[in-house]
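*Asks:* Mapping of the sequence shown onto this note's numbering: residues 1241 to 1555, in sequence order.
Heads up, the beta-carbon is just placed ideally off N, CA and C, and yes, glycines get one too.
My questions will all concern the structure given below.
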Amino acid sequence: MALTYTEAQTVSDDNVDSVIKQQIYQSSPFMTKLEANNEVVADGGNQYTFPIRYQELGHADATDPDAQFVFEKVDTRTKGVLPPRFYKSVTMLTWLERITNSGKEQVVDLILDKSEELTQDMKNRWATDLYTTNPRGDGFISLDVIVDDAVDYAGIAVGDAAAWAATVDDAETELTLYGENSLSEMKNACKLGQDYPNFHLTTNDLASKFESLVEPQKRYPDKMMANAGFDNCSFHGAPVFGDYHCPAGYWYGLCLKKGIWQIRYHPKEHFAVSKWEELKPQYPKNLGKYVTWVGNLICKCRYVNFKFTALDYTI
């Protein structure tokens, strides 16, 4: 059935609450954490590059002190290359809305609220595409592609660099903490020196299932993230977050230590909101506004991340 009141009536009729409470957009714990870690980095140009060491030098060995040193070059370095990806969201203010939302009838500042809505809409799109493989063919590289044991990423094939692969379990359906096919086993499988998964993303249902498995005295929430609005409890000190956008059955264990994950963005295109502009000549007296974002998601070490894809919270 059609709604009783139009948008213009909603924000201009008498006795309307002057504060609009949005009911739609969900925040991203992943983006919030990277922002807190100062890993949202401005970068221009037509591509984003980052160097990696992808294999051992392999020359260290015991030796006879009188043996000749034989020098040999081994290529151990390469670079990842990613293109920038482009996002936009648009809104407009009609002639009717400009008239009805003015003067003493202006209970809600529609111009201000539409501006806030634009940014919320863009961040929600970003949070959704974080889990979406090749969104619309034009989106940034998602977690599902990066945290994988077979798919190429940043121009580097797994077949050319064995360390350029995460740990994946596509079969396990039961969430367990220890033993075979457990969180503990997955964490150990992708540990590299002092780097290992210290941040977990999953569905709200699986996060609740996890909380039921952890002894109360061992939950230890990430207080900074809790204060930012993301309830959590931890596994071996690594917070576990339920994310509305995470697809059913998925659990990501990510290493968010410094220098591994980054959001790279163009310095002039990071949720950049335009001015209101009159939409001439097609729509005189109507105003338009847009927000843009240009960037991509960088992971400099896939190896220290894992994912489950088939977990069932009812088991």
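Note down, in chain order, each residue of its chain lying with its Cβ closer than 8 Å to the Cβ of residue 1393, except the 5 sequence neighbours on either side.
*Replies:* Here residue 1393 refers to the residue found at position 153 when the sequence shown is read from its first residue. Result list for residue 1393: 1320, 1381, 1385, 1386, 1404, 1539 and 1542, in chain order.
*Asks:* Using CA coordinates, which residue listed in 1528, 1308 and 1411 is at the minimum distance from residue 1333?
*Replies:* Indexing the sequence shown from 1 puts residue 1333 at position 93. Nearest of 1528, 1308 and 1411 to residue 1333, Cα basis: 1528.
*Asks:* Taking just the CA atoms, how far does residue 1450 sit from residue 1292?
*Replies:* Position 52 of the sequence shown, counting from 1, holds the residue named residue 1292. Position 210 of the sequence shown, counting from 1, holds the residue named residue 1450. Roughly 34 Å between the two C-alpha positions.
*Asks:* For residue 1322, which of 1452, 1396, 1362 and 1526 has the nearest alpha-carbon?
*Replies:* For this step, residue 1322 is matched to residue 82 along the sequence shown. Residue 1322 has its Cα closest to that of 1396, out of 1452, 1396, 1362 and 1526.
*Asks:* Taking the straight line between their C-alpha atoms, what separation do you get for residue 1255 and residue 1359?
*Replies:* Position 15 of the sequence shown holds residue 1255. Position 119 of the sequence shown holds residue 1359. Reliability of the predicted coordinates at residue 1255 is poor, the pLDDT of 41 falling under 50, and the value obtained from them is presented with this limitation in mind. Using only the alpha carbons, I get a separation of about 28 Å.
*Asks:* Excluding five sequence neighbours on each side, which residues of the same chain lie with their C-beta closer than 7 Å to the C-beta of residue 1290?
*Replies:* Translated into positions along the sequence shown, residue 1290 becomes position 50. Counting only Cβ-Cβ distances below 7 Å, and skipping sequence neighbours, we find 1319, 1320, 1538 and 1540.
*Asks:* I need the boundaries of the beta strand (DSSP E) containing residue 1331, first residue and last residue.
*Replies:* The sequence position of residue 1331 within the sequence shown is 91, counting from 1. That run of the beta strand (DSSP E) goes 1325-1333.
*Asks:* Give the list of continuous beta strand (DSSP E) stretches no shorter than 3 residues that lie fully inside the segment 1487-1517.
*Replies:* 1491-1494 and 1501-1505, all fully within the segment 1487-1517.
*Asks:* Within 10 Å of its beta-carbon, does residue 1548 have 16 or more other beta-carbons around it, so buried, or fewer, so exposed?
*Replies:* Taking the first residue of the sequence shown as position 1, residue 1548 is located at position 308. Buried, because 16 or more other Cβ atoms sit within 10 Å of the Cβ of residue 1548.
*Asks:* Going by CA-CA distance only, name the one from 1379, 1399 and 1378 that's closest to residue 1388.
*Replies:* Counted from its first residue, the sequence shown places residue 1388 at position 148. The option with the nearest alpha carbon to residue 1388 is 1399.
*Asks:* Report yes if the C-beta of residue 1271 is less than 6 Å from at least one heavy atom of the ligand GTP; otherwise report no.
*Replies:* Summarising the ligand content, the structure contains no ligands, and the ligand GTP is consequently not present.
*Asks:* I'd like to check one pair, residue 1376 with residue 1183: are the Cβ atoms closer than 7 Å?
*Replies:* With the chain covering only 1241 through 1555, there is no way to say anything about residue 1183.
*Asks:* Tell whether a beta-carbon distance below 7 Å holds between residue 1552 and residue 1442.
*Replies:* The sequence position of residue 1552 within the sequence shown is 312, counting from 1. The sequence position of residue 1442 within the sequence shown is 202, counting from 1. For residue 1552 and residue 1442, no; Cβs fall outside 7 Å.
*Asks:* Determine whether the beta carbon atoms of residue 1478 and residue 1428 lie at a separation below 7 Å.
*Replies:* Position 238 of the sequence shown holds residue 1478. Position 188 of the sequence shown holds residue 1428. No.
*Asks:* DSSP has residue 1441 in a bridge; who is on the other side?
*Replies:* In the sequence shown, the residue the question calls residue 1441 occupies position 201. Bridge partners of residue 1441: 1481 and 1492.
*Asks:* What span of residues does the beta strand (DSSP E) with residue 1272 cover, start to end?
*Replies:* In the sequence shown, counting from the first residue as 1, residue 1272 sits at position 32. That residue, residue 1272, is in no beta strand (DSSP E); its alpha helix (DSSP H) goes 1269-1276.
*Asks:* Residue range of the alpha helix (DSSP H) that residue 1429 falls in?
*Replies:* The count along the sequence shown starts at 1 and reaches residue 1429 at position 189. From DSSP, the alpha helix (DSSP H) with residue 1429 extends over 1423-1429.
*Asks:* Run through DSSP, which three-state label would residue 1413 get?
*Replies:* As a working mapping, residue 1413 is identified with position 173 in the sequence shown. If DSSP states are grouped into helix, strand and coil, residue 1413 belongs with coil.
*Asks:* Can you name the residues that DSSP bridges to residue 1318?
*Replies:* Walking along the sequence shown from the start, residue 1318 turns up at place 78. Answer by DSSP bridge pairing, in chain order: 1292.
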